[in-house]
Amino acid sequence: MLRASRLVLAHFWVAFVAFLGAAVLGEWQMIVRSPLSTWINNPEHYYRSVTAHGTVMGYVMPTLLAMGFGYAITELALKRPLIGLRWAWAGFGLVLAGTAMAATTVALGQASVLYTFYPPMIASPFYYLGVVLVVVGSWVWVALMAINLRAWKRDNPGAAVPLAMYGNCAGAFLWAWTSLGAAIEILVLILPASLGWTDTINAGLARVLFSWTLHAIVYFWLMPCYIAFYAIVPRAIGSRLYSDTMGRIAFALFLVFSMPIGIHHLFADPEVGAGFKFVHAAMTAMVSLPTLLTVFTIVASVEIVARLRGGKGAFGWVRALPWRNPMMLALTFSFLMLGLGGAGGLINMSYQMNETVHNTQWVTGHFHLIFGGAIVIMYFMVAYDLWPTLTGCAPLPAAQVKTQLWLWFVGMLVLTLPWHLVGLMGMPRRMAYYDYSDPAIASQGSLVVASAAGGLLVVVSAALFVWILARASLPARRRAGAVEPYTFSRAVHEGARVPVALNGFGLWIGMMIALTVVNYGVPIIQLASLKQASVPVIPIGAR
Amino acid sequence: MNVSAPEGSRSEAVAIAAERRWAIVVGGVLLLLVAMMVVTGLHWAAMPPSRVETVDVKTLHIAGEFIESNLGTAVGADGKVTVRLIAQQYSFQPQCLVVPVDMPVMFRATSTDAIHGFIIGTTNVNTMLVPGFVSTFTTSFHKTGEALMPCHEYCGTGHEAMWAHVQVLSAADFFAKSRGVERLSCVAR
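Protein chains in written order, with numbering that gives the first Met the number 0: chain A, 0 to 542; chain B, 0 to 188.
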């Protein structure tokens, strides 16, 4: 068993319980704004719920998962105890305290600004301080990942960093740099206004700073999923990884191209000019590169086991894949949702087509499909895969796991596809109420109901997930003998020399910072120097 | 060992060749995507809002382009149609816009308080309104009739009530209505 297993389990449990709660809130929102419900008495309750749902799903759950998974990888891949266990607990404590502080403030109705903040609306300072604590707690994790990597490299000169640890550290460094945008927005612009030190705020500048974090955070959410693709899936289905180097290239490219693209969220905004909008659009095309490489490498990796099992022909091998294996099922679902969501993403990032869908329900459908669908389904697999090592339980019951995965996949599609459609019909997002008696909106009603039904399947699946893990954690489920040692995938060509650049991060972090400075420096300086851009703040909640 | 080494390097060469082919395909896809954006940008002149123009929120109501009497649809001496509007918690002003079909219409809009935005029906008219900045874009409508114009960015507790209307009229109807009227709108008086 892991030395840090209690630490990892603490992270996972808080993440998953918060996740289940937020999923229930999400479904409540779906029902409240559908034709199934009449006019909501107090629309503020709806926005309160959206704020809580977004804060948990966007900041708390994925951060805790990445942290817990990162600590587990450090011990399992480097095969030595985690350095700084006490610091890790301190970081966890900060995240926990921040979550509690933000959640309480939101529940009291003092912070219904949604998790994207939207200044000049200003919430209670306790909400922002809570979010800052979550982020600072995660920075402790980033520092520990860097320290552990360094110590291991010092003790193993010239050895290749295990791929899982390489991806884990890429995710940590990506997060450190991407969280900076929102951190600056909160510390420099929002908190002074929230504490009453100033009564104006530069809303345009705040939006640009937030966009720095807003898009790259998606790749921080994605990293544990990609680590699972490369380092867990091939082993779990009895195959080998087609190329270890491709994995490293993909992780390194995410570092470089995640940040300098966030202004594609601001195509319809007046505070950024056409030039930088176009540069960010072109760079966004580049960030599909690591995903396209990953799809190739992982499909090639699963093809290996299919051929070993007697699969033949150009496509006939697909039938010979180990379909009874939950990991194979999850990977397939994840890729299908990644494909659909990715295609939608290409539409969003297109400089022109974005105008058709910007801020409609299409966008909500898009990120629920790609994050909630493709990525979170791999979070489930990470937990299922690690659980025997973490708790000493027997492997989890495959039938239950597969039921949970099917529910999630079908639920997500039924949830998000109608959502995309109503978006194309012009339905704006984040509204507590729609007047379905209006003939222009009436036709959207049945699609919204279908979507809410999909949401129900998703909530049932989330509950089943937590139940499976909780049941396996019972002392009675503990396996008598020793649990087999945990392993990561092995590459087909093991022991190949890893290029120096792909065994460290110096070059990639340098490019990441340089590209961000080039693509964000000018817009930020220009906006900060605009006098008229400072506008009066609007306090939210009874203050 | 001696036997497996050449075999290993041969299969590795196969893998590298496959990866290289795929890299070329991926590179081609990316180039095509960017080329499409460039071509549609230049050839169709299809561009998102492109200029950065500021406006003082504190004097918006009392001076300049966005005073109440100047809001609505204006037909210039040169026949150009301009719609000016403002967004505020939780309405647009004017709440009902009138535009002609199949003619370029320039929109100039801003917000007096929070961040707002709007989309018109199923058209591509879609913009953000950020206080302190003027959003400008030119579009044309291809179907007559009435369309909804909701605020599409969360702007506070009354956000869900913030809907305006747009009437798209035939050119003849539009110019008949606008004759002798400084600023046209379809707000019931």
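Each residue gets a CB set at the ideal place from its N, CA and C atoms; glycine is no exception. Treat the numbers as computed from the prediction; the structure is a model and nothing was measured.
Check, Outcome
"When you check each C-beta in the segment 263-290 of chain A against every C-beta of chain B, which residues fall closer than 8 Å?", "Leu-265, Phe-266, Ala-267, Asp-268, Pro-269, Glu-270, Val-271, Gly-272, Ala-273, Lys-276, Phe-277, Ala-280, Ala-281, Ala-284, Met-285, Ser-287, Leu-288"
"One question on the structure: do Phe-11(A) and Gly-67(A) come within less than 7 Å of each other, judged by their Cβ atoms?", "yes"
"Which runs of the alpha helix (DSSP H), 4 residues or longer, sit entirely within the segment 193-258 of chain A?", "202-226, 232-235, 243-256"
"Using alpha carbons as the reference points, say which of Ser-110(B), Val-167(B), Ala-12(B) lies closest to Leu-135(B).", "The residue asked about is misnamed: residue 135(B) is Thr in this sequence, not Leu. Of the candidates Ser-110(B), Val-167(B), Ala-12(B), the one whose C-alpha sits nearest the C-alpha of Thr-135(B) is Ser-110(B)."
"Can you check whether the C-beta of Thr-212(A) is within less than 7 Å of a C-beta belonging to chain B?", "no"
"Establish whether the CB of His-151(B) and some CB of chain A are separated by less than 7 Å.", "yes"
"By the DSSP assignment, the beta strand (DSSP E) with Pro-535(A) in it spans what residues?", "533-535"
"Beta-carbon of Ile-260(A) versus every beta-carbon of chain B: anything under 7 Å?", "no"
"Can you confirm whether Thr-156(B), when its beta carbon is compared against all beta carbons of chain A, has any partner nearer than 7 Å?", "yes"
"Could you tell me how far apart the beta carbons of Ala-329(A) and Phe-379(A) are, in whole angstroms, since I believe they sit closer than 8 Å?", "7 Å"
"Along the segment 61-83 of chain B, what residues have a CB closer than 9 Å to any CB found in chain A?", "none"
"Taking 7 Å as the limit between beta carbons, can you name the residues of its chain near Thr-199(A), skipping five residues before and five after?", "Ser-533, Val-534, Pro-535, Val-536"
"Taking Gly-180(A) and Val-133(A) to be in contact with their CB atoms under 8 Å, please state how far apart those CB atoms are, rounded to whole angstroms.", "Incorrect: roughly 15 Å between the Cβ atoms, too far for contact."
"From Gly-315(A) to Arg-308(A), what distance separates their C-alpha atoms?", "12 Å"
"Can you grab the Cα-Cα spacing for the pair Asn-1(B) / His-492(A), in whole Å?", "Residue confidence for Asn-1(B) is low, a pLDDT of 35 falling below 50, so the modelled location carries little weight and cannot support an answer."
"How about Phe-295(A): is its C-beta nearer than 7 Å to some C-beta of chain B?", "yes"
"Quick one: residues in its chain with C-beta nearer than 8 Å to the C-beta of Leu-320(A), no 5 flanking neighbours on either side, listed in chain order?", "Ile-236, Val-301, Val-304, Ala-305, Arg-308, Gly-310, Met-327"
"With a threshold of 8 Å, are at least 3 pairs of Cβ atoms found where one atom belongs to the segment 461-470 of chain A and the other to the segment 211-220 of chain A?", "no"
"Could you give the DSSP three-state label for Glu-67(B): helix, strand or coil?", "helix"
"When you compare each of Trp-138(A), Ser-242(A), Val-207(A), Val-139(A) to Ala-17(B) by their alpha carbons, which one comes out closest?", "Ser-242(A)"
"Would you kindly check if the distance between the Cβ of Pro-387(A) and the Cβ of Pro-396(A) is under 7 Å?", "no"
"Tell me, please, which residues DSSP counts as bridged to Leu-183(B).", "Thr-72(B)"
"Could one say the Cβ of Met-102(B) lies closer than 7 Å to chain A's Cβ atoms, at least one of them?", "no"
"Using a Cβ cut-off of 7 Å (strictly closer), state whether Gln-351(A) contacts chain B.", "yes"
"By the 7 Å beta-carbon criterion, what residues does the segment 109-136 of chain B contribute toward chain E?", "The chain labelled as chain E is not found among the protein chains of the depicted structure, namely A and B."
"So, are the CB atoms of Tyr-432(A) and Glu-67(B) less than 7 Å apart?", "no"
"Would the beta-carbon of Pro-103(B) fall within 7 Å of that of Phe-173(B)?", "no"
"Determine, using beta carbons only, whether Ala-500(A) and Leu-506(A) come nearer to each other than 7 Å.", "yes"
"What does the alpha-carbon distance come out to for the pair Arg-178(B) and Ser-169(B)?", "14 Å"
"May I ask you to report which of helix, strand or coil DSSP gives Phe-504(A)?", "coil"
"Can you list, in chain order, the residues of its chain whose CB lies under 6 Å from that of Gly-57(A), leaving out five sequence neighbours each side?", "Tyr-114"
"Listing by chain order, which chain A residues have their CB less than 8 Å from the CB of Val-97(B)?", "Per Cβ cutoff of 8 Å: no residues; Val-97(B) is ~17 Å from chain A at best."
"Ile-537(A) versus chain B: which residues are under 8 Å apart at the beta carbon?", "Gln-88, Asp-112, Ala-113, Gly-155"
"Got a sec? Which residues, its chain only, sit under 8 Å from Lys-79(B) by beta carbon, not counting five neighbours each side?", "Pro-103, Met-105"
"Determine, using beta carbons only, whether Ala-86(B) and Ile-119(B) come nearer to each other than 7 Å.", "no"
"Got a sec, what are the start and stop residues for the beta strand (DSSP E) Cys-95(B) sits in?", "95-99"
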